[in-house]
Structures are given as structure tokens and as C-alpha cells.
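All residue numbers for the sequence shown refer to this note's numbering, where the first residue is 1 and numbers rise by one.
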Amino acid sequence: MTAVLARPRVSDLTGETPLPVTRRAAPSTRARAVGWTALHALLAVAPLALCLTAVRPGRGFLVDLSVALGFLALSVLGLQFALAARFTRATAPFGIDAVLRYHRQISALAVLAAFGHPALLFLADDRYLVLLDVVDAPLRAQFAWLSVLALALLVVTSVWRRALRIPYQVWHVLHSVLGVTIVLAGLVHAFLVDNWMSAPWVRLGWTVYAAAFLWLAVWVRLVRPLRLWRRPWRVVELWPEPGGAVTVGLEPAHRHGGRPWSFTAGQFAWILPGRVPFTPTYHPFSISSSALRPRVEFTIKQVGDFTRSIRRLRVGDTVYVDGPHGSFTLDRHPGMGYVLVATGVGVTPFLSMLATLADQGDRRPVWLFLGNRSEDQITGIRQLERLRGRLDLTVVHVISRPSGEWPGERGRIDAALLARHLPPHARSLQYFVCSREETVQAVRSALAELRVPADRVHSEQFGMV
Ligand SMILES: Cc1cc2nc3c(=O)[nH]c(=O)nc-3n(C[C@H](O)[C@H](O)[C@H](O)COP(=O)(O)OP(=O)(O)OC[C@H]3O[C@@H](n4cnc5c(N)ncnc54)[C@H](O)[C@@H]3O)c2cc1C
């Protein structure tokens with residue numbers, strides 16, 4: 001391993017050298033992604049198709065459009081429960097970042113549709129305006145207002161969570177409660193309105209949807225924790241890391257039902273300390289140890305209530321591990337070499353990738369750009385030291401507030417800095433970036449400046465909202 005401290009040569013990355021051919025992600029991943037997307041889209045629009053069997057002439061285009069928007073909003077929002085259920089098979093082809101982006105974007109469209117539903121009704125006919133009087137309005141309209149109100153609250157608390165200073169855990173519980181309220185109240189409203197619902201097929205279709213949504217909620221809150229309960233893990237080692245983090249070593253205290261627990265380097269898991277795995281909030285952490293060893297390690301930076309509580313763990317304590325999840329993995333993007341860019345505790349998935357490559361005896365070149373505030377706060381530095389000589393690894397430490405004696409790179413990771421250290425064939429490498437959202441965007445822009453093709457840049461963000 002080479003730890004780069006002094007400034008090395010400048011490489012011309014923007015030259016027009018042709019790209020060497022590298023293998024792309026397995027087609028089966030793409031096929032699965034297309035399959036899940038198609039299924040999701042089909043489930044979202046199926047209620048509309050059912051309604052076509054029951055359209056009554058004479059109600060007017062605006063009214064029909066309004067109802068269509070209402071049904072669409074309801075099915076799309078209800079389907080978000082499937083994302084919360086974290087079905088590994090369905091999310092694996094996309095990766096957690098893409099799934100979250102999709103959740104935000106499709107929910108934004110559903111919100112527009114949901115608000116468009118009453119707006120169009122009022123536009124279509126003055127008679128509907130009486131429904132604005134919530135107190136005297138019929139029950140079906142009161143449920144509609146409850147759903148719309150919960151939706152408005154959900155939007156405000158999600159978009160402005162930080163500005164409103166809502167702690168993540170409080171927000172997460174609120175998000176779940178509001179999500180269930182929106183869908184339940186929306187369903188009751190739809191059943192009570194009875195126009196389209198009076199058609200047996202539409203009623204049957206929505207009954208199936210309601211049962212599926214309910215099942216997903218039961219799965220997330222009850223079935224999944226019950227399954228985890230049968231698979232406890234024990235803390236076998238704990239040690240403090242520079243940078244205010246702690247590494248927790250876990251070993252299974254169960255027999256996995258005959259199958260070993262396995263993961264791919266770069267994946268993460270939700271971990272739940274305590275005697276029982278029933279908690280309102282789950283916290284995700286990347287696995288930081290080699291995928292080829294039975295012991296699993298997490299390196300956790302103390303930033304809030306939950307991560308600070310990790311300090312209270314003791315050897316022998318029980319922890320539940322819900323995972324592995326995610327697809328931020330090297331095997332999905334085979335390359336002739338890898339460039340890993342992280343700041344702070346964002347190094348954790350890379351610690352796992354590097355340890356795994358070392359255990360595999362992989363000699364492909366790897367560059368690790370690691371940003372930290374000061375040179376004595378580098379989380380994972382010991383794990384990196386242990387890899388010395390086992391990999392063709394170049395580590396470039398970039399310190400934003402270094403001491404006077406720091407001989408290496410300082411400031412931020414930008415295009416010029418990357419260009420100074422990467423080889424001439426840099427555009428043919430695969431890039432992995434793990435950090436906060438703003439840093440991920442900044443590194444993506446820097447790589448775009450260096451003309452690294454966007455499909456070779458893969459990222460994971462450590463904040464979900
Ligand atoms: C895929 C992924 C992998 C991660 N891997 C690591 C890791 O290896 N090591 C590490 O130290 N941190 C990791 N994190 C971040 C870690 O989950 C949060 O720092 C932690 O949950 C903070 O909880 P808190 O109550 O201590 O702090 P809070 O003050 O409640 O939260 C601080 C910030 O962390 C984020 N956050 C909080 N709770 C959650 C949650 N349940 N789910 C998602 N984001 C949350 C929010 O953006 C919040 O603003 C990872 C996050 C993600 C999404």
C-alpha cells in the first residue's frame with residue numbers, strides 16, 4: 001500500500017484517449033431492474049384500468065380526471081409501503097440511493113395528483129365546494145380531508161425537517177404514522193364515495209390493494225422483527241476509532257437455520273441493539289469488515305442519540321442485524337481498477353471492500369481518496385494500516401484543517417486534486433463515492449469535469465433525509 005503524502009505528478013485525464021473496454025453489470029441485474037419497475041408501474045396504474053370498466057358517461061372530463069388522479073395517488077402512495085418493507089430482492093438491482101430518489105420523486109408526483117383530485121372537482125362544479133366545510137361535510141369528505149391534511153403535514157416535515165429542527169427519530173415515527181393515516185383515510189374515503197367502487201371489480205381490486213397494504217405494514221412492524229428475534233448476534237469486541245467513531249465486532253449467536261450469513265463488501269445492515277428487535281426506528285450502517293470472515297464489524301460515528309448509545313454496548317450484549325441490504329458493491333461494476341472517494345466515516349464500505357480484495361489476493365490497482373478534517377481524526381486508519389503490502393493500493397489523505405506539519409494534500413477533493421493522483425487511463429476505472437449528499441454531488445461534478453463517464457460513477461449517501 002502506498003500512502004500518498006507529497007504531491008505527485010499531474011495526469012492529463014481529459015485527453016481523448018479511447019476508453020478500454022470493461023465488462024458492464026451483469027444483464028440479469030438490468031433485466032431484474034426492468035422487471036421490478038414494470039411490475040411497480042403496473043400495480044400503480046392497475047386501479048385506473050379497473051375504473052375504465054365502470055366509467056359512467058355524463059359526469060364530465062374534469063370529474064373523471066379528478067377521480068383518476070385520486071385513485072392514482074392512492075395506489076402510488078400505498079405502494080410506498082413496499083419500499084419501506086425493504087425487500088432485498090426488489091431493491092437490490094437499483095441500490096439504496098436510487099430507491100430513495102425514486103421514493104421522493106414518485107411521492108412528489110403522487111402528492112400533486114392527490115391535491116389535484118379535489119382541486120379539479122371544485123373546478124368542475126360549484127356544487128362540490130360545500131365539501132370545504134369540513135365539520136358539516138359528509139363522512140366520506142371528512143376522511144378525504146384527513147388524508148389530504150396528513151399528506152400536507154408529511155410533505156412539510158419531510159422537505160423542511162432540518163429547518164424545522166425535527167430530530168430524525170421523531171421524524172421517522174411521524175413519517176410512518178402519517179403515511180399509514182394518508183393511505184387508510186384515502187381508502188375509507190374511496191370506499192365511502194361508492195360511485196366507482198360500486199362496480200364489483202373495482203371494489204374487489206381495491207379490497208385486494210387494501211389487504212396488501214395492511215399486510216406490508218404487519219410485515220414491517222411484526223413479522224420482520226419476529227424473524228430477527230430468532231437470529232440474535234453477540235458483541236465480541238469494541239474499540240474506539242479516531243474521528244469519534246467506535247468499531248463493534250459481532251458474531252452470530254444463532255445457527256442461521258443451516259445457512260451462513262453472507263454479504264457482499266459495500267453492503268449495509270440495519271442494526272438494533274437490545275434484547276428485542278422491536279423499535280420504531282432502524283439505523284443503517286455499512287459493514288466495515290471483510291466479506292470473507294465470519295465476524296462482522298460496523299464502524300459507527302457518534303453524531304446523535306442512537307449512535308452515542310453505541311458507546312454503552314458491552315462485550316456479550318445482544319444486537320440484531322437486519323440485512324444485508326444495498327448494492328453499492330464492486331462486483332456489480334467490474335473494472336480493471338477502482339477509485340474510492342470518501343469523507344469521514346464514509347470510508348466504512350471501502351474498508352470492507354479493501355479487506356475483501358486483500359483476502360481474495362486481488363492485485364488490481366485501487367486509489368482511495370479520503371477526506372478528513374484533521375490528520376489525527378482519520379476513521380479506519382488502523383484497518384488501512386493492516387492492509388499494507390496486501391493490495392496495490394494508493395491512499396491519498398486530504399485534510400481540510402491540517403496542522404502546520406502536514407505534508408500531504410489539503411483542502412477539498414476536487415478535479416485538480418483527483419487529476420494529480422490518477423493515472424492517464426483514469427476514465428476507464430470504476431468510481432465509488434461515499435459521503436454526505438453535498439460531497440457526493442461535488443465529487444460527481446469533479447469527475448464529470450475529468451470526463452469520467454457518469455455510468456462509471458457509483459455513490460452512496462449516509463443521510464436519508
Ligand atoms: C446506507 C447507509 C449506510 C451508513 N453507514 C454508516 C456507517 O458505516 N457508519 C456510520 O457512522 N454511519 C453510517 N450511516 C449513517 C447513520 O445511519 C446515521 O449517522 C445514524 O443513523 C444517525 O443516527 P443518530 O440518532 O445517532 O443521529 P441523528 O442526529 O438522529 O441523525 C443524524 C443524521 O443521520 C441521518 N439518520 C439518522 N437516523 C437515520 C436512519 N434511521 N436512517 C437513515 N439515516 C438516518 C439523518 O440524515 C440525520 O440527520 C449510514 C447511513 C446510510 C443511509
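In this text, a Cβ means the ideal position worked out from N, Cα and C, and glycines have one as well. It should be emphasised that the depicted structure is a prediction, and the values quoted were computed from it without experimental measurement.
Cα-Cα separation between residue i and residue j, rounded to whole angstroms
i	j	result
Val-315	Ser-262	22 Å
Val-193	Ala-92	39 Å
Val-135	Phe-143	11 Å
Ala-38	Ala-73	18 Å
Leu-204	Phe-278	33 Å
Ala-33	Pro-407	46 Å
Thr-22	Tyr-431	Model confidence at Thr-22 stands at a pLDDT of 40, short of 50, so the residue's coordinates are unreliable; what they give is reported in the following sentence. Roughly 13 Å separates the two Cα atoms.
Glu-241	Gly-323	24 Å
Val-170	Arg-162	12 Å
Ile-310	Asp-317	11 Å
Ala-297	Val-248	Per the sequence shown, residue 297 should be read as Glu rather than Ala. Rounded to the nearest angstrom, the two C-alpha atoms are 5 Å apart.
Arg-234	Trp-270	15 Å
Ser-158	Glu-437	16 Å
Asp-392	Ser-288	19 Å
His-397	Leu-387	16 Å
Gly-244	His-189	50 Å
Val-155	Gly-371	34 Å
Ser-459	Phe-328	7 Å
Leu-79	Trp-215	12 Å
Pro-349	Val-339	13 Å
His-333	Thr-207	42 Å
Leu-422	Pro-453	15 Å
Phe-30	Leu-43	According to the sequence displayed, residue 30 carries Arg and not Phe. Distance between the alpha carbons of Arg-30 and Leu-43: 20 Å.
Leu-187	Val-303	39 Å
Pro-138	Leu-123	20 Å
Arg-484	Thr-299	It is not possible to answer for residue 484, since the shown part of the chain is limited to 1 through 465.
Val-218	Pro-225	10 Å
Phe-213	Arg-86	14 Å
Phe-462	Gln-441	13 Å
Thr-343	Leu-83	28 Å
Leu-69	Thr-307	42 Å
His-292	Ser-435	It is Leu, not His, that sits at residue 292 in the sequence shown. Leu-292 and Ser-435: Cα-Cα distance of roughly 25 Å.
Val-63	Val-347	54 Å
Arg-165	Leu-153	15 Å
Residues bridged to residue i (per DSSP)
i	result
His-283	Ile-271
Asn-372	Ile-399
His-325	Phe-268
Thr-343	Gly-371
Pro-232	Tyr-320
Gly-244	According to DSSP, Gly-244 bridges with nothing at all.
Thr-299	Thr-247
Tyr-338	Val-366 and Gln-430
Pro-252	Trp-233
Leu-393	Val-366
Exposed unless 16 or more other CB atoms sit within 10 angstroms - verdict on residue i
i	result
Phe-268	buried
Gly-389	exposed
Phe-81	buried
Arg-401	exposed
Val-173	exposed
Arg-275	exposed
Arg-24	Because the pLDDT of Arg-24 is 45, which lies under 50, any placement of that residue in the model is unreliable, and the number read from its coordinates should be weighed accordingly. By the 10 Å Cβ count, Arg-24 comes out exposed.
Trp-196	buried
Gln-105	exposed
Val-183	buried
Gln-360	exposed
Glu-375	buried
Glu-251	exposed
Ala-448	exposed
Pro-424	exposed
Pro-118	buried
Q. What are the complete alpha helix (DSSP H) segments, minimum 4 residues, inside the stretch 133–163?
A. 139–159
Q: Please specify which runs of the beta strand (DSSP E), each continuous and at least 3 residues long, are wholly inside the stretch 395–461, giving them in chain order.
A: 430–435 and 457–461
Q) Whole alpha helix (DSSP H) runs in the stretch 172–242 with 4 or more residues, listed along the chain? A) 200–218 and 224–229
Q. In chain order, which alpha helix (DSSP H) runs of at least 4 residues are fully inside the stretch 77–112?
A. 88–91
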